[in-house]
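Engineer: So that we are looking at the same thing, I have put the structure below in structure tokens.
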Amino acid sequence: MNHRSRFMPSRLVTGALALILVAGLAACGSNNNDVSSSASGASSQGKEASGKKVTVTFWNTFTGSDGDTLKEIVDGYNAKNEGKIEVKMDILPADQFNQKLPPSIATSTAPSLVAMSPTSASAFIQNGTLLPLDDFYATPGVNKADFEDSAIQLGQSGGKTYLLPMQVFGIQFYWNKDLFKAAGLDPEKPPADFNELADYAVKLTDASKNQYGFLMPIKGAPQYYSIFVWGNGGDMVDVDAKQSVLNAPENVKTFEWLADLAVNKKVTPKGLNGVETDKLFLGGKAGMYITGPWLAAGLKTNNVNFGVSLPPKGSAAQATIADGVGFAVPKGTSDEERLAAYDFIGYWNSTEIAKEWSQKIGFPPYLKSVADDPDIQADETIKSMSNLGSAGRAFLPGIVNADRINSDVLFPLMEQIVSGLDPAAGVQKASDAIDDILKTEK
């Protein structure tokens, strides 16, 4: 599966995804939450309710190599619960998933369990076709305190939980240590704040070498611009009022700052999308970049000497995007199947299975018990990406048209900014366009 989720076209279920949630990884539980204890609660409840084996049908879009690992975990669960619960999994391409799920819910033929991104789930939540799952955290063997707050919040809408963590990740800041050293910068210290980032970006830019200081893609990438908006105390949408707040003075200043870097200081190439900027960084032609954890494996393969951390702080806060994939239960699922699904989700979110997923897939864990594990701590890349703390924020949570706002308004704004558009005029126009889109959600 392409872990870019909704940030760019992918096999994950997204409107343009997904995070999402994001992946990442580890799962929920506690230091004492071993596989056997997590599988003892809901399975016994489901079995006792009917006196026969309960089958959980599970749809997801993990069509890549990570799907093989997922299948191994499902097979292991089924072996441990033979005669009690069986998870029957169908892995579908995203387009088929999106086509089949709505009519299956409408005709009461939906699976018991699905995996989807928070953005993809928004429309289902609003039309009442996903069940609230808050009572999962009372399942025997599940320790809610072991989850990072950002992992729990990723699945919440309107004060209720509709997605349970399966894979969570944050957007990361990468830097090329060799280019830092060549520019006279400490290769072990990324910029601490936006001012240092701007300074470093200029020092790392060398037109004679086709080398850029800081990459700013204009589509098909994480919504990295939101990190700067949030960091300087702004936002794009009031999600409760469903109204744009983009045209605010602090946001205009943020986009003016980005325009200065791109147009005047020429620290980024113009007009490149996420795939193209990925290639530049993988080829050692850029000093700094903001993207997801999926880039790390390619950097290692290409022998790039890199560092990874949370993005620098802004004038108001340190912020990053938290996204991922969550487990959801469609409307019409019986209580018996829902409890059996909880048992599998508890198994997935045990420390042992969460660690296995994190190590095999290479995404950071969202369980504290996994993040603290000595083997995880020994992996510097995963360790660096593991704890979002209070910095992780969802992109336009609960907004059904979040992907449309991103692809049709905000990334075109970034393209115009990089090309020299007056930031104030661009922000005003984009804000009006967001409000036009949000009218359909009121």
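Heads up: the sequence shown runs through residues -26 to -1, 1 to 416, numbered per mature numbering (1 follows the signal peptide of the UniProt record, and there is no 0).
Using N, Cα and C, we set each Cβ at its ideal position, and we do this for glycine too.
Remember, predicted model here, so these are calculated numbers, not experimental data.
Which same chain residues end up closer than 7 Å to Asp410 when comparing Cβ atoms and leaving out the 5 residues on each side of it in sequence?
Structural biologist: Hits under 7 Å: none found.
Engineer: Just how far apart, CA to CA, sit Lys259 and Lys244?
Structural biologist: Taking the straight line joining both Cα atoms gives about 15 Å.
Engineer: Check whether the stretch 119 to 138 and the stretch 299 to 310 touch, using three or more Cβ-Cβ pairs below 8 Å as the test.
Structural biologist: Contact between the stretch 119 to 138 and the stretch 299 to 310 is present, because at least three Cβ pairs lie under 8 Å.
Engineer: To the nearest angstrom, report how far apart Glu354 and Asp252 are at their CA atoms.
Structural biologist: Glu354 and Asp252: Cα-Cα distance of roughly 21 Å.
Engineer: Identify every residue that forms a DSSP beta bridge with Arg367.
Structural biologist: Paired residues: Ile295.
Engineer: Output needed for Asn279: all residues of its chain with C-beta closer than 6 Å, excluding positions within five of it in sequence on either side, in chain order.
Structural biologist: The residues are Lys151 and Asp152.
Engineer: Met210 and Thr242 look like a contact to me (Cβ under 8 Å); what is the Cβ gap, rounded to whole Å?
Structural biologist: Not really, about 21 Å apart at Cβ, beyond 8 Å.
Engineer: How should residue 449 be labelled, buried or exposed, when 16 other C-beta atoms within 10 angstroms of its C-beta is the threshold for buried?
Structural biologist: Nothing about residue 449 can be read from this structure; the chain reaches only from -26 to 416.
Engineer: Using the C-alpha atoms, what's the distance from Gly187 back to Tyr174?
Structural biologist: Cα-Cα distance, rounded: 7 Å.
Engineer: Consult DSSP for Asn52 and reduce its assignment to one of helix, strand or coil.
Structural biologist: Note: Asn52 maps to helix in three-state DSSP.
Engineer: Please state the DSSP three-state secondary structure of Phe154.
Structural biologist: Helix at Phe154.
Engineer: Please name the residue, chosen from Phe318, Lys342 and Asn323, that lies closest to Asp49 on a Cα-to-Cα basis.
Structural biologist: Of the listed residues, the one whose Cα sits closest to Asp49 is Phe318.
Engineer: Which whole runs of the alpha helix (DSSP H) in the stretch 206 to 231 are 4 residues long or more, in chain order?
Structural biologist: You should have found no qualifying run.
Engineer: Grab the span of the alpha helix (DSSP H) containing Lys403 for me, first residue to last.
Structural biologist: It spans Pro397 to Leu412 - the alpha helix (DSSP H) in which Lys403 sits, taken as one unbroken run.
Engineer: From Tyr198, Thr228 and Lys227, pick the residue whose C-alpha is nearest to that of Phe369; which is it?
Structural biologist: Looking at the Cα atoms, Tyr198 is the closest of the given residues.
Engineer: Tell me the DSSP bridge mates of Asp180?
Structural biologist: Asp180 pairs with Gln185.
Engineer: Are three or more beta carbon pairs between the stretch 270 to 284 and the stretch 77 to 84 nearer than 8 Å?
Structural biologist: The stretch 270 to 284 vs the stretch 77 to 84: no contact.
Engineer: Check whether the stretch 113 to 129 touches the stretch 360 to 368, taking contact to mean three or more Cβ pairs, one atom from each stretch, closer than 8 Å.
Structural biologist: With a cut-off of 8 Å, the stretch 360 to 368 and the stretch 113 to 129 count as touching, because enough Cβ pairs lie within range.
Engineer: From the DSSP output, which residues share a beta bridge with residue 446?
Structural biologist: Outside the modelled stretch of the chain, which goes from -26 to 416, sits residue 446, for which no answer is possible.
Engineer: Contact defined as beta carbons within less than 8 Å: I believe Pro286 pairs with Pro338. What is the distance between those atoms, to the nearest angstrom?
Structural biologist: At roughly 19 Å, the Cβ-Cβ gap does not stay under 8 Å, so Pro286 and Pro338 are not in contact.
Engineer: Quick test of your reading: Ser289 and Asn206, contact by CB under 8 Å. State the CB separation rounded to the nearest angstrom.
Structural biologist: About 5 Å; that satisfies the 8 Å criterion.
Engineer: Only counting runs of 4 or more residues, tell me where the alpha helix (DSSP H) segments fall wholly within the stretch 81 to 117, in order along the chain.
Structural biologist: Whole alpha helix (DSSP H) segments, 4+ residues: 92 to 100.
Engineer: Looking only at its own chain, which residues have a Cβ that is under 7 Å from the Cβ of Gly208, when we skip the five neighbours before and after it?
Structural biologist: These residues qualify, in order along the chain: Ala222, Glu224, Asn225 and Thr228.
Engineer: Can you give the Cα-Cα distance for Ile373 and Asp347, rounded to whole angstroms?
Structural biologist: Their Cα atoms are separated by approximately 36 Å.
Engineer: Can you tell me which of Gly41, Glu389, Pro196 and Thr325 puts its alpha carbon nearest to the alpha carbon of Phe143?
Structural biologist: Looking at the Cα atoms, Pro196 is the closest of the given residues.
Engineer: Taking Thr325 as the reference, which of Ile350, Ala314 and Leu66 has the closest Cα?
Structural biologist: Closest option to Thr325, Cα to Cα, is Ile350.
Engineer: Rounding to the nearest angstrom, what Cα-Cα distance links Asp234 and Phe98 in this structure?
Structural biologist: Rounded to the nearest angstrom, the two C-alpha atoms are 41 Å apart.
Engineer: Let me check one thing: in DSSP terms, what residues is Val307 bridge-paired to?
Structural biologist: Per the sequence shown, residue 307 should be read as Thr rather than Val. Thr307 pairs with nothing; no bridge assigned.
Engineer: In this structure, how does DSSP classify residue 466 when only helix, strand and coil are distinguished?
Structural biologist: For the chain, the structure presents residues -26 to 416; residue 466 sits outside this window and is missing.
Engineer: Across which residues does DSSP place Phe168 in a beta bridge pair?
Structural biologist: The partner list for Phe168 (beta bridge, DSSP) is empty, contrary to what the question assumes.
Engineer: Given Gln402, which residues of its chain have a CB within under 8 Å of its CB, disregarding the five upstream and five downstream residues?
Structural biologist: Excluding positions up to five away in sequence, the list reads Asn221.
Engineer: Between Val9 and the rest of its own chain, which residues show a CB-CB distance below 8 Å, the 5 nearest in sequence each way excluded?
Structural biologist: Since pLDDT at Val9 reaches only 46, below the 50 mark, its modelled position is unreliable, and the value read off the structure follows with that caveat. Here the set comprises Lys54, Tyr321, Ser324, Glu326 and Ile327.
Engineer: Output the boundary residues of the beta strand (DSSP E) element that contains Ala289.
Structural biologist: For the record, residue 289 in the displayed sequence is Ser; it is not Ala. Ser289 -> no beta strand (DSSP E), and no H or E assigned at all.
Engineer: I'd like the span of the alpha helix (DSSP H) that includes residue 425, first residue to last.
Structural biologist: This structure cannot settle anything about residue 425, because the visible part of the chain is limited to -26 through 416.
Engineer: Between which two residues does the beta strand (DSSP E) containing Thr242 stretch?
Structural biologist: Thr242 -> no beta strand (DSSP E), and no H or E assigned at all.
Engineer: Alpha carbons only, please: which of Leu107, Thr294, Ile264 and Phe385 is nearest the one belonging to Tyr316?
Structural biologist: The shortest C-alpha separation from Tyr316 is found at Leu107.
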